Amino acid sequence: MNRRGLTLVELLIALAIIGVVFTALLMNQLANLRSSTQARFLSDTKTVANQVLEERLSEVLRVSNDVPDNSDFDDDRQSGPGHVRSFWFIDYYYGCPTPVLPSTASGIRTYSLIKLRPVNCSGSTIAQSRVLPGTVRYNWQIAGESGPLGEGVLRVTVTAIHDQRLVVNLVSRVSCYDVYPSPTSDAPVPCANPGGGRP
């Protein structure tokens with residue numbers, strides 16, 4: 002009976018081949034795990050960045066009904082006494098990133114910085130990452146732009162930066178027409194007259 006087994010060389014070659022295959026599989030799994038972790042981080046970070054963006058947008062679009070008639074902040078005087086509305090969009094538009102005087106062409110709170118409420122044009126929030134170890138800094142900024150006819154557009158930007166230098170940027174633009182309840186009106190109150198926007 003002739004019994005032949007594996008020689009030591011054949012066994013070492015077989016083990017080397019199996020080792021190469023398992024190493025390739027392991028590297029593939031590690032790459033998948035890394036990309037999955039980054040995708041989860043981006044999703045988690047973008048969710049929180051969206052929350053920060055929504056908070057800023059709600060501030061920009063806020064309408065106050067608690068200002069007295071004929072105050073500097075009564076932006077809806079043509080509706081008559083007792084119908085007072087004050088649009089925070091105006092304060093952010095003329096106040097961010099740096100305050101500028103509303104011109105007489107705007108028809109809104111003209112030529113006085115006193116008629117603008119102080120608003121925060123930028124800020125930051127720090128949160129613990131739920132996916133990767135470390136913290137995430139959310140920087141936000143609000144800036145007025147002239148818009149197509151000078152009527153007013155605000156750019157709200159949120160940038161999320163992780164300790165490991167992963168970055169997510171979100172930008173949203175808000176027009177003065179987004180504030181007014183009826184954009185079909187000829188002269189929406191929070192919108193400057195054409196040519197009366199930021200210089």
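Residues in the sequence shown are numbered from 2 upward in steps of one, following my numbering.
C-beta atoms are modelled at their ideal positions from N, C-alpha and C, and glycine is treated no differently.
Predicted model only: the values in this text are computed from it and were never measured.
Enclosing alpha helix (DSSP H) for residue i [first to last residue]
{"i": "N66", "result": "Segment: none, N66 is in no alpha helix (DSSP H) and carries neither H nor E."}
Whether residue i touches residue j by CB criterion (9 Å)
{"i": "G145", "j": "P119", "result": "no"}
{"i": "K47", "j": "V169", "result": "yes"}
{"i": "S123", "j": "R199", "result": "no"}
{"i": "S65", "j": "S36", "result": "no"}
{"i": "D179", "j": "T136", "result": "no"}
{"i": "V159", "j": "V53", "result": "yes"}
{"i": "P98", "j": "K116", "result": "no"}
Inter-residue Cα distance where the pair is residue i and residue j
{"i": "R131", "j": "V61", "result": "29 Å"}
{"i": "A161", "j": "W141", "result": "9 Å"}
{"i": "A214", "j": "L34", "result": "The structure shown does not extend to residue 214, since the chain spans only 2 to 200, so no value can be given for it."}
{"i": "L7", "j": "I18", "result": "15 Å"}
{"i": "W89", "j": "L58", "result": "11 Å"}
{"i": "P134", "j": "L31", "result": "18 Å"}
{"i": "R63", "j": "F42", "result": "32 Å"}
{"i": "R138", "j": "Y93", "result": "23 Å"}
{"i": "I143", "j": "V157", "result": "5 Å"}
{"i": "D67", "j": "A128", "result": "34 Å"}
{"i": "N29", "j": "T38", "result": "14 Å"}
{"i": "V10", "j": "G20", "result": "15 Å"}
{"i": "S44", "j": "R5", "result": "59 Å"}
{"i": "R110", "j": "S173", "result": "26 Å"}
Contact belief for residue i with residue j at Cβ below 8 Å, rounded distance in angstroms
{"i": "L171", "j": "A50", "result": "5 Å"}
Check your understanding: Hey, which unbroken runs of the alpha helix (DSSP H) at 4 residues or more fall wholly within the region 88-173?
Key -> Unbroken alpha helix (DSSP H) runs of no fewer than 4 residues, entirely contained in the region 88-173, are found at 89-96, following chain order.
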